[in-house]
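Trainee: Count along the sequence shown starting at 1, add 3, and that's the number in this note's numbering.
Handing you this structure, nothing more for now.
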Amino acid sequence: MDLNLKGKKAIISGANRGIGLTIAHHYAGEGIDVALLGRNNKALVEAAAEVRARHSAANVVTVLVDLEQPHTIKPAAESAVRQLGGVDILVNCAGGAYRGRLGEIPDEMWERYFKVKPLGLLRMTRELLPHLKQSRQGRVINISGTRGREPESHSMMSGPINFGTLSVTKAMANEFGAYGITVNAICPGSTRTRRFTELVEITARERNLSLEKAEQWLLQEVPLGKVIEPEDVADLAVFLASARSRLISGTAINVDGGRTRSI
4 MDLNLKGKKA IISGANRGIG LTIAHHYAGE GIDVALLGRN NKALVEAAAE VRARHSAANV
64 VTVLVDLEQP HTIKPAAESA VRQLGGVDIL VNCAGGAYRG RLGEIPDEMW ERYFKVKPLG
124 LLRMTRELLP HLKQSRQGRV INISGTRGRE PESHSMMSGP INFGTLSVTK AMANEFGAYG
184 ITVNAICPGS TRTRRFTELV EITARERNLS LEKAEQWLLQ EVPLGKVIEP EDVADLAVFL
244 ASARSRLISG TAINVDGGRT RSI
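The structure is reproduced here in structure tokens:
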């Protein structure tokens, strides 16, 4: 299926590794020009080189930004647009959550992580909105998480951070629809990234299990019984960027192997 994405221009935050980098690979493979945004220059340069090596015709640029530092967002957005010559797709992928129960999370961690998501997401989208309005196929894709729908006490921060992301996704979709811009969220479940590897190691120590058994234990409530791969998330990000998704907006789609119990 030709999704007719060649020549589109995408800005991806948190693009130096994991899901963000995988989305960059998929977009480059579709002929999309991509700007990789992150706060580690060495990692960004290496990520860009990796994308170019796999997709020799890809136009890939890098932009430094630290979403914890609001003053870096506007110049980063301007640089990305200038280098690409515009923007059609914004993927807000940066951000995570500090793992722990309520009494285990210090105030500075709440403030630090909320600055990235949803606040950094909002600020980046606000800066790029005038440019997205000029696109004939404007897309905003927010990478959230299933804990926004089903909070867990052992990962207290994940719930409000991801719920906030889902809420602003819906609000932005309501506002941006007048400009033909769709806004959606992707909610990955347990995805094979560095964070998941760390979780497997923690589970193995806490439960005195082998790494293999620890992974199986974490997947016992996933009906399909598999870890989500970054490619599974990226496939959906490609579809949501295309004209095939033109009437999908204001929604959040789980990629979790059926783990989420809510409807």
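The beta carbon of each residue, even a glycine, is placed where N, CA and C say it ideally should be.
Note that the structure is a prediction, hence the values are computed from the model and not measured.
1. State the Cα-Cα distance for the pair Leu176 and Asn187, rounded to the nearest angstrom.
2. Can you tell me where the beta strand (DSSP E) holding Ser158 begins and where it ends?
3. Leaving out five residues on either side along the sequence, give the residues of the same chain with a beta carbon under 6 Å from the beta carbon of Arg249.
4. In the DSSP output, what is Val258 paired with across the bridge?
5. When DSSP labels each residue in this structure, what does Asn211 get in the three-state scheme?
6. Assuming Arg152 and Ser265 form a contact by the criterion Cβ under 8 Å, report the distance between their Cβ atoms to the nearest whole angstrom.
7. Kindly indicate which three-state DSSP category Leu241 falls into: helix, strand or coil?
8. Based on the DSSP output, what are the partners of Ala38 in its beta bridges?
9. Would you be able to state if there are at least three C-beta pairs under 8 Å between the region 35-46 and the region 245-262?
10. Starting from the N-terminal side, write out each stretch of the beta strand (DSSP E) that is 3 residues or longer and does not extend beyond the region 122-188.
11. Taking all protein chains shown into account, decide if Ala246 is buried (16 or more other Cβ within 10 angstroms of its Cβ) or exposed.
12. Can you name, in chain order, every residue of its own chain whose Cβ lies under 6 Å from the Cβ of Ile35, other than the five neighbours on each side?
13. Tell me where the beta strand (DSSP E) around Leu6 begins and ends.
Mentor: Checking against the coordinates, here is how it stands:
1. In the sequence as displayed, the identity of residue 176 is Ala instead of Leu. Answer to the nearest angstrom: the Cα atoms are 7 Å apart.
2. Where Ser158 is concerned, there is no enclosing beta strand (DSSP E), given that its DSSP letter is neither H nor E.
3. none
4. Pro191
5. coil
6. 5 Å
7. Here residue 241 turns out to be Val, not Leu, going by the sequence shown. Of the three classes helix, strand and coil, the one that applies to Val241 here is helix, per DSSP.
8. Ile14, Val64
9. no
10. 142-146
11. exposed
12. Leu8, Lys11, Ala13
13. That residue, Leu6, is in no beta strand (DSSP E); it is neither H nor E in DSSP.
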